[in-house]
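Notes to accompany the following structure.
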Amino acid sequence: MATQLSGKAPRRARGEVLHDGFLRHAGFRWLKAATLICILSIASYMLVDVTPRHNGGSWYGYTMGTIGVLLILWLTLLGLRKRAMTRGRWSLKAWTSAHVYLGLSLIVIATLHTGFQLGWNVHTLAYALMMLVILSGLFGITVYATLPAALSNNRAEMTQVQMLDAVRAIDRQLHDAAQPLPHDKAALVRQSLEQDPFGGTLLSRLSGRYPRCATAKAQAALRHWTGDQPDTGNDPLERIDALLERKQAMLARLRRHLRLKALLEIWLYVHVPATFALLAALTAHIVSVFFYW
Amino acid sequence: MTDRVRIAIVGSGPAGLSAAARAAQLGLSHLLIEKTDHLSDTIFKYQKGKHVMATPSQLVLRSDCDFEAGKRESILDRWNAQAAEQGVNVAYRCEVKAITGTGDPIPGSIQKIVERKRDGTTDTKEIQRLAPPYRLSLSDGRDIIADAVIMAIGTQGNPNLMRVPGADLPHVQYQLDDPAAYNDEHIFVVGTGDAGIENALGLAADEAQGNAVTILNRSTEFASAKAANVKALMAAAETGRLSIMTEATTAKIEPGFITLDSRDGEVKLKCDRIIARMGSAPPRAFVESCGIEFTSGDRLAFPKLSPVFESTAPGIFVIGALAGYPLIKHCMNQGYDVVEYINGNRDLKPADEPILAAKFAALPEKKSVDQWLEFLRGNVSILEGLSPLQMREFMLDSEVRAYRKGDLIFEKYDPGSSLFGVAQGQALVEVSPTLNVPIDQGSIFGEVGLISGRRRGATVRAGADSIMVEVSRTAALKLMSSNPPAKRAITRISTERQLLQLFGAGLTPADLTEVLDTAEIKTVKAGEHVITEGDTGTDIYVIRVGSMIVEKKIGGKNVFLSYLPAGSYVGEMALISGGPRTATVKATVKSEVIKLNGDAFARLMAAKPALLERARRDMASRQDVNAFIESRKDSFSTVVDMYSETAKFLVDNGIGEATDVLLIDEHLCVGCDNCEKACADSHDGLSRLDREAGRTYAHLHVPTSCRHCEHPHCMADCPPNAIHRGPDGEVFIDDTCIGCGNCQRNCPYGVIRMDSVPPKKPGLLSWMFFGQGPGPGEPSKKWRYKNAEPGVEKPKKAIKCDMCSGIEGGPACVRACPTGAAIRVAPEDFLTVARLDREAN
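From first to last, the protein sequence lines are chains Y and P. Our numbering applies: residue 24 is where the first sequence begins, and numbers increase by one. Our numbering applies: residue 5 is where the second sequence begins, and numbers increase by one.
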């Protein structure tokens, strides 16, 4: 290429611009680390002979348990790391990458720690809670990997605030256009104006389906009335129909937006509380183990 | 009736008023003559409530009237009170018709007044100057005899007038005091400078006023207005609040109607009011008739003055805007100084003396300020043309330093936009570890940083015990615009250096003489072609300012080949291997190129085999890229398309003038806004980026965040000069920001916001465990309001990204992205074919 005289200071390593997501971070460094840990754990499980059989109370079981607890505590710290904007050369992406792969390796470490001895007790409760955390995390990885592009496509360069403003602008026009209407028809439009279009259950939010949408109802009724009349171009109902059509489209986009955002966040509402439950159960597990030593 | 006074002061603006107040304090008989019925008409005519700024901040005010930044009203009130208190003698509603000497003819002092006529001929009148005292004939019939006259009439009182039939009708006005005073009128604004646009917007701002506002533009472009104003005007026109008529001129004005010559012929429109804002100029004819000569025939030239502001007519002094000093503080100091001088105080040092003395204090030799100024002016070639007054002003913005032999002046890759002049000694430029190029006394260095806005290209040390002047970018630009020989000298030296540095290969300045003599600096508009594919031509272009992209037509489509930042050269391929141009090179932003004559360059290459070798190498790597793209076009045509389109999208979004830009990969962004939160938590609780806003193409999102432009638009008009480029190349705003909002309006990317620092939040752990405070990120308006320190109103200042300078670890937005979606890139790193290869995989 043509020669550059200006040469940038080597502040940023070349090639860094070819960026990676958290899963591919640094050539799958943490995937490799986690795999190695799993292989070592399984191999040692096979090789170490514990009598009468593998269990959490053997020296091997204690070792795996200690590693597991330390890992869990470290994994929990991601929540702090994310929010504490301290100075220094750290990258949250690297932390996330390590969090994901080391978290997955816990499945192996903790399972080997149990020696496959499960039952209806506080110990197994801790194990189950941990698996719940990991499963919700797996769901999180899946949505993080698949949904962002859809979120970006759907919003088409609009921000959430702009979308809401657009709906409000249509509402104002609807309000003005509905003034000449007779009472019963105006009531339908008013319903569309008054209803919170995103109200409803969590299920609506996650599925993006709002069966009680007043805007859709108003438009259906309007179509029913105007269906057999010719479009003369100056009927206020036709204008309202067009406005409702636009509102529907904007609502659909917004609802998709909210649905995607909800899916990207919902798992955290399991992941994080389950983590705290896990920490509590883990404390009970450890205390009881040492208490009954 | 004839009065006699010691000093007559014409014009009661800041300069005249300050002079009159000084005269009153000294007990000198004086008369302050004011055309209108109030003091300081220019400031009086500012829009109501306008914030008046007090710049330059480092200048000490020396006047009997107070002045500090504040509202127009409070400043005028204080001046009125102080004028009355000090017993200033004012003649209101009084205009000076003529000023003539009453003494003997001054031998040899004959003034030539050249009058230019419309047909191009000139008429020269010669006037014999007469010695003071002067007779001032006033419009109220009085005559005043004055020993000395101070002209402080400014330029604003002399607006350019409309010259069409009916222009003298009462509904034609040249100013707009209060846009809210007009309702339900058809108003035409003539002139599309900033004043015209601001007036038009003001009149149309409130729909309830019911005004139908039309702004007339003689041409199709709005060249003389600030970009932000033009944008606002276009937006207002789009929403139908006002209309813009281009290519329209006024033909005739009648009561109630205006007739326009437009593209479609003559049209007569309803019109209740015309507001003409067509600029102002010094009232030259009047000033010249008083015996005052101007520096040149240029319409905007200033009068010739001595260091004490005395004009060519002895005893007549010119100060303030008419003398070329539009800033209020300068004006007030000049008023004081001139009266002291007239009163016989010859030892008064200018108010800036202590500032300059401090600058020279650290130098090894002890000299007076005047001696130092003369020393620098005499020793640095580009300063030769400056007057002692200009030299003082110049030094206020510059630094002077002594270096011992071997001292580091700046290092390669340092950011820096200042220019150095060698006043004594020698500088050594380290071109390579074994080669030092000396720069001798009188010459300059560092000019590449000044012109291209990029980092230093080489390390420079002092070659002997030296004294260097460091000229800030603003001072250097001012110098270049006010002093054409200095500009020519800097341009020639910088072109020579740029070529030497670019081509290296053992060239010496002597080798380049022919190439430089035929070189030409061209300004290229954004999108304009420098080289067009298929054309013949062998000239070589060096990009001096701005950046370019290289495109090639492959299969009927323009494919993006590469991005060239300032400091690159193009065009060698056709010169070396002959044949037509193989690719198109066009500017991404307004740029400047040095065009080198192909034949002259070919001769140079023939004489210098090393240069030819170098050019061949560069050409080979470029051909590799061409071949690479060609080879990909069949197998990965969609990928190539994608790459070209993405590159175009980024260039359209201002990446072409960026040095460092935040991009978000929307394949990865989960919308957690942790980048914004991290930004706020790293900077006083205010986020400098808006992740969601901004353009997106192919999931590559350019959020609203500073691009650290190569030539920052925000820097263009910062009254306290608070915007700088910092050590990592970041453009930042320092604490001297006065909150005027100019940078916000000038930024084409909308990345600057005006806000006050929110109250301090409780720590993260108290939020996590006890729910105290608003948590990470920018606190809500509500929380800020509730927790604000009562009774303290914090000023709103401009805030923008500073690339987290001074924060270890670098930009917080990138560090805090959990998925790796946020990246910061330099355009030349990002827009390379390397990406294409990767995306193909």
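Glycine included, C-beta positions come from ideal geometry on N, C-alpha and C. Source: prediction; values computed, not measured.
Out of curiosity, what's the CA-to-CA distance linking residue i and residue j?
i, j, result
"residue 541 (chain P)", "residue 267 (chain P)", "39 Å"
"residue 215 (chain P)", "residue 207 (chain P)", "7 Å"
"residue 126 (chain P)", "residue 169 (chain P)", "27 Å"
"residue 464 (chain P)", "residue 408 (chain P)", "13 Å"
"residue 482 (chain P)", "residue 684 (chain P)", "37 Å"
"residue 369 (chain P)", "residue 722 (chain P)", "36 Å"
"residue 31 (chain Y)", "residue 112 (chain Y)", "With a pLDDT of 36 at residue 31 (chain Y), under the threshold of 50, the predicted position of this residue should be treated as unreliable, and no value is reported."
"residue 719 (chain P)", "residue 584 (chain P)", "41 Å"
"residue 743 (chain P)", "residue 799 (chain P)", "7 Å"
"residue 127 (chain Y)", "residue 650 (chain P)", "37 Å"
"residue 38 (chain Y)", "residue 260 (chain Y)", "Residue placement at residue 38 (chain Y) is poorly supported in this model, since its pLDDT is 38, which falls under 50; the coordinates are not used for a value here."
"residue 183 (chain Y)", "residue 277 (chain Y)", "8 Å"
"residue 211 (chain P)", "residue 179 (chain P)", "21 Å"
"residue 499 (chain P)", "residue 662 (chain P)", "23 Å"
"residue 699 (chain P)", "residue 405 (chain P)", "47 Å"
"residue 655 (chain P)", "residue 593 (chain P)", "9 Å"
"residue 302 (chain Y)", "residue 211 (chain Y)", "53 Å"
"residue 574 (chain P)", "residue 547 (chain P)", "8 Å"
"residue 100 (chain Y)", "residue 275 (chain Y)", "38 Å"
"residue 18 (chain P)", "residue 476 (chain P)", "28 Å"
"residue 15 (chain P)", "residue 83 (chain P)", "14 Å"
In terms of residues, what are the limits of the beta strand (DSSP E) holding residue i?
i, result
"residue 190 (chain P)", "190-194"
"residue 258 (chain P)", "253-258"
"residue 155 (chain P)", "147-155"
"residue 331 (chain P)", "Neither: residue 331 (chain P) is in no beta strand (DSSP E) and is coded neither H nor E."
"residue 206 (chain P)", "Careful: residue 206 (chain P) lies outside any beta strand (DSSP E), inside the alpha helix (DSSP H) at 198-208."
"residue 701 (chain P)", "694-701"
"residue 16 (chain P)", "First-last for residue 16 (chain P): undefined, no H or E at that position."
In terms of residue numbering, what span does the alpha helix (DSSP H) encompassing residue i cover?
i, result
"residue 280 (chain Y)", "259-289"
"residue 128 (chain Y)", "115-137"
"residue 518 (chain P)", "517-522"
"residue 46 (chain P)", "45-48"
"residue 82 (chain P)", "76-89"
"residue 428 (chain P)", "Counting along the chain, residue 428 (chain P) falls outside any alpha helix (DSSP H), though it belongs to the beta strand (DSSP E) covering 423-428."
"residue 834 (chain P)", "831-834"
For residue i, is the classification buried or exposed, using 16 other Cβ atoms within 10 angstroms of its Cβ as the cut-off for buried?
i, result
"residue 635 (chain P)", "exposed"
"residue 42 (chain Y)", "buried"
"residue 253 (chain Y)", "exposed"
"residue 315 (chain Y)", "exposed"
"residue 796 (chain P)", "exposed"
"residue 77 (chain Y)", "buried"
"residue 206 (chain Y)", "exposed"
"residue 196 (chain P)", "buried"
"residue 247 (chain Y)", "exposed"
Answer yes or no: does any C-beta atom of chain C fall closer than 7 Å to that of residue i?
i, result
"residue 285 (chain Y)", "Reference to chain C is not applicable here, since the protein chains of this structure are Y and P."
Give, in chain order, every unbroken run of the beta strand (DSSP E) that is at least 3 residues long and sits entirely within the segment 769-811 of chain P. 801-803
Tell me which residues of the segment 792-819 of chain P have at least one Cβ-Cβ distance to chain Y shorter than 7 Å, keeping chain order. 811, 812, 813, 816 and 819
Residue ranges of each beta strand (DSSP E) run of no fewer than 3 residues wholly in the segment 544-571 of chain P, ordered along the chain? The segment 544-571 of chain P is shown to contain whole beta strand (DSSP E) runs of 3 or more residues at 544-549, 551-558 and 561-569, in chain order.
Going along the chain, which residues of the segment 687-702 of chain P sit with their C-beta nearer than 7 Å to a C-beta in chain Y? 696, 697, 699 and 700
Mind listing which residues of the segment 42-69 of chain Y have their C-beta closer than 7 Å to chain P's C-betas, in chain order? Within the segment 42-69 of chain Y, the residues whose Cβ lies closer than 7 Å to some Cβ of chain P are 42, 43, 44, 45 and 48, listed in chain order.
Entirely enclosed alpha helix (DSSP H) segments - the segment 590-623 of chain P, minimum 4 residues: 602-611
Closer than 8 Å between beta carbons: that is the criterion. Which residues of the segment 186-206 of chain P meet it against chain Y? For the segment 186-206 of chain P, which is checked against every Cβ of chain Y, not one residue is closer than 8 Å.
Could you tell me which uninterrupted beta strand (DSSP E) segments, each at least 3 residues in length, are contained entirely in the segment 331-412 of chain P, listed from first to last along the chain? 402-407
Give, in chain order, every residue of the segment 661-672 of chain P whose Cβ lies closer than 8 Å to some Cβ of chain Y. 669, 670, 671 and 672
To be precise: take each residue of the segment 824-835 of chain P, compare its Cβ to all Cβ atoms of chain Y, and keep it if any distance is under 8 Å. Which residues remain? Answer set for the segment 824-835 of chain P: 824, 825, 827, 828, 829, 830, 832, 833 and 834.
Contact list for the segment 96-129 of chain Y against chain P, Cβ threshold 7 Å: So the close ones are 105, 106, 107, 108, 110, 111, 112, 113, 114, 115, 116 and 119.
Within 7 Å of chain P by C-beta, residues of the segment 164-181 of chain Y in sequence order: 167, 171, 172, 174, 175 and 180
Anything in the segment 194-216 of chain Y with a Cβ closer than 7 Å to a Cβ of chain P? List those residues in chain order, please. Close to chain P, meaning a Cβ-Cβ distance shorter than 7 Å, is no residue of the segment 194-216 of chain Y at all.
Those runs of the beta strand (DSSP E) which lie wholly inside the segment 270-320 of chain P and span at least 3 residues: DSSP runs (the beta strand (DSSP E)) wholly in the segment 270-320 of chain P: 277-280.
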